[in-house]
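A quick write-up on the structure given underneath.
Protein chains: 2
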Amino acid sequence: MGTDKKEHIINTAIELFAVKGFEGTSIRDLAAAAGVNIAMINYYFGSKEKLFESMVEEKAAYTRIELTEIMSNTSLNAAGKIDRIVEGFVERLFRNRHFHRVIHQELMLGDRQAMQDMIVNILYPNSQLIKQILLDGIASGEFNKVDVELTVATLIGTINYLLQSKKFCLKILDETETYVPYEDEEFKTRVKTHLKAVLHIHLVHQPK
Amino acid sequence: MGTDKKEHIINTAIELFAVKGFEGTSIRDLAAAAGVNIAMINYYFGSKEKLFESMVEEKAAYTRIELTEIMSNTSLNAAGKIDRIVEGFVERLFRNRHFHRVIHQELMLGDRQAMQDMIVNILYPNSQLIKQILLDGIASGEFNKVDVELTVATLIGTINYLLQSKKFCLKILDETETYVPYEDEEFKTRVKTHLKAVLHIHLVHQPK
DNA sequence: TGAAACTAAACAAACGTTTAATTAAAACAC
DNA sequence: GTGTTTTAATTAAACGTTTGTTTAGTTTCA
């Protein structure tokens with residue numbers, strides 16, 4: 001039936017877009033990879049652009065969850081929330097790295113206003129959530145008066161940098177081509193540990 | 001004559017690629033924007049792909065300079081070198097943000113092996129240079145034994161995050177569309193101050 | 001006069017999309 | 001349940017554009 005096949009096309013599209021880009025992927029490539037007729041993509045989604053929008057709509061909601069509940073967890077202090085945020089972000093972004101790469105490709109481009117706005121509206125709540133935790137921590141006196149916007153940039157930017165290109169990531173890690181860091185628990189732990197260390201000392205160290 | 005016009009085409013290409021992407025920019029768009037005949041691009045560069053490679057070759061060397069001399073400056077201690085690195089990177093990446101965005105777009109994509117390798121070989125020396133300063137600082141006892149590779153990721157990743165999309169950057173800064181942060185000295189200073197603060201306390205604070 | 005710079009036009013191939021026809025599934029009457 | 005009608009799903013083929021590239025001819029200037 002329709003729905004599963006639509007989702008199959010979307011998942012195939014994410015894989016292809018992540019590797020070849022949106023413009024670089026023809027609907028013939030996509031149809032062949034998904035094992036469907038060329039016309040089915042327009043039949044289901046209307047156009048290539050609308051397929052992209054459907055893809056974003058479908059995956060965005062799924063990706064957004066589980067963060068707000070950290071905020072509402074009153075048993076955690078601000079530093080504890082930051083730790084949970086770091087863990088949640090590394091897990092989520094590493095797992096959804098293909099989708100993440102696709103929307104960041106499109107975010108980089110200046111044309112296609114509507115798509116860009118769409119993507120900004122997906123990513124913005126994430127950064128806002130972290131910002132709010134920082135502001136709360138500062139208000140309660142638990143955190144130093146740091147530059148909250150740029151601290152958010154440091155957290156997410158570090159992860160994005162590692163996700164941007166597997167080849168480049170392997171190069172700076174001095175690893176072989178066969179190693180897949182994003183699926184290695186040890187590497188994920190390493191990233192979490194680094195980010196928690198950086199943020200913790202930046203936020204809670206009291207300068208004399 | 002030829003050379004200035006070649007460079008003019010390359011500069012126009014950077015502007016267009018940064019906004020529309022490599023695949024999204026037709027050589028007709030490019031020829032029109034540069035004010036030259038369509039055939040001139042293939043006449044000068046051979047093909048669209050070779051134009052890209054020429055662009056990278058031309059701009060890469062120019063972008064690479066001025067960093068190694070920081071390394072060789074023996075009057076600076078490790079912390080001083082990091083400060084200079086931060087200042088140099090923010091200035092350079094903000095100034096060359098269009099070129100920077102173009103090569104990061106291409107770096108994200110998995111196909112076009114040769115181009116990817118080319119770009120990795122451009123970016124790698126930068127990260128290696130920072131890494132070496134960190135290693136030297138650790139060896140001399142001036143720095144803590146931090147995760148050097150991920151500390152590099154935090155430095156460059158933070159800047160990249162801000163450069164990725166003007167629209168998104170403005171959103172997290174809560175600024176209006178007309179503001180151009182990358183050309184604002186105040187914002188550049190803000191980014192430098194944040195990065196120096198984060199790195200300094202991460203690297204030189206002695207945990208009890 | 002001859003080589004380099006430049007142009008307009010044409011090229012085949014690939015693109016996203018649409019059409020028209022066929023098959024499969026569901027809905028309905030009896 | 002069986003036969004009929006309607007709707008949805010699927011297909012191969014064709015559509016008109018746009019793509020990167022090339023050709024063949026013209027201008028420019030030393």
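Those protein sequences? They're chains C and A, same order as listed.
Residue numbering for the first sequence follows UniProt numbering, starting at 1 and increasing by one per position.
Residue numbering for the second sequence follows UniProt numbering, starting at 1 and increasing by one per position.
Glycine included, C-beta positions come from ideal geometry on N, C-alpha and C.
How would you label residue i, buried or exposed, when you count the other beta carbons within 10 angstroms and need 16 or more for buried?
| i | result |
| --- | --- |
| H100/C | buried |
| D111/C | exposed |
| H205/A | exposed |
| S127/A | buried |
| G80/C | exposed |
| L123/A | buried |
| G137/C | buried |
| Q113/A | exposed |
| T151/C | buried |
| H8/C | exposed |
| A34/C | buried |
| T158/C | buried |
Kindly indicate which residue of the options has the alpha-carbon position closest to the one of residue i.
| i | options | result |
| --- | --- | --- |
| I130/C | K59/C, E177/C, M115/C, L203/C | L203/C |
| F45/C | K171/C, K5/C, S127/C | K5/C |
| V120/A | K171/C, E49/C, L199/C | K171/C |
| L107/A | D136/C, A197/C, A61/C, G21/C | G21/C |
| A60/C | R92/C, C169/C, I159/C, F143/C | R92/C |
| V133/C | E53/C, I159/C, L123/C, L76/C | This sequence places Ile at residue 133/C; Val is not what is there. The residue with the shortest Cα to Cα distance from I133/C is L76/C. |
| E58/C | Q116/C, N11/C, D117/C | N11/C |
| F168/A | P125/C, A139/C, L195/C, F94/C | P125/C |
| G24/A | Q105/A, T178/A, Q116/A | Q105/A |
Express the C-alpha separation of residue j and residue i in angstroms, rounding to a whole number.
| i | j | result |
| --- | --- | --- |
| Y161/A | T154/C | 8 Å |
| R190/C | S165/C | 18 Å |
| E183/A | I41/A | 31 Å |
| S47/C | V102/A | 27 Å |
| I38/A | L51/A | 13 Å |
| K192/C | P181/C | 13 Å |
| M1/A | S26/A | With a pLDDT of 46 at M1/A, under the threshold of 50, the predicted position of this residue should be treated as unreliable, though the coordinate-derived value follows. Distance between the alpha carbons of M1/A and S26/A is about 24 Å. |
| I156/C | Y43/A | 44 Å |
| T176/A | E186/C | 42 Å |
| D147/A | L135/A | 10 Å |
| A13/A | L30/A | 6 Å |
| L199/C | F143/C | 10 Å |
| D174/A | E149/C | 10 Å |
| D117/C | N73/A | 45 Å |
| V86/A | M115/A | 27 Å |
| L67/A | F89/A | 9 Å |
Say yes only if the C-beta of residue i is nearer than 7 Å to one or more non-hydrogen atoms of the ligand NAD, and no if none qualify.
| i | result |
| --- | --- |
| G21/A | Looking at this structure, you won't find the ligand NAD or any other ligand, since it has none at all. |
Can you name the start and end residues of the alpha helix (DSSP H) that residue i belongs to?
| i | result |
| --- | --- |
| G137/C | 113-139 |
| Y43/A | 38-45 |
| T25/A | Neither: T25/A is in no alpha helix (DSSP H) and is coded neither H nor E. |
| G157/A | 148-163 |
| S72/A | 68-72 |
| T193/A | 185-204 |
Between residue i and chain A, is any beta-carbon pair separated by less than 8 Å?
| i | result |
| --- | --- |
| Q164/C | yes |
| T189/C | no |
| G21/C | yes |
| M55/C | no |
| I130/C | no |
| D29/C | no |
| L76/C | no |
| Q206/C | no |
Establish whether the CB of residue i and some CB of chain C are separated by less than 8 Å.
| i | result |
| --- | --- |
| D147/A | yes |
| F168/A | yes |
| S127/A | yes |
| K50/A | no |
| G110/A | yes |
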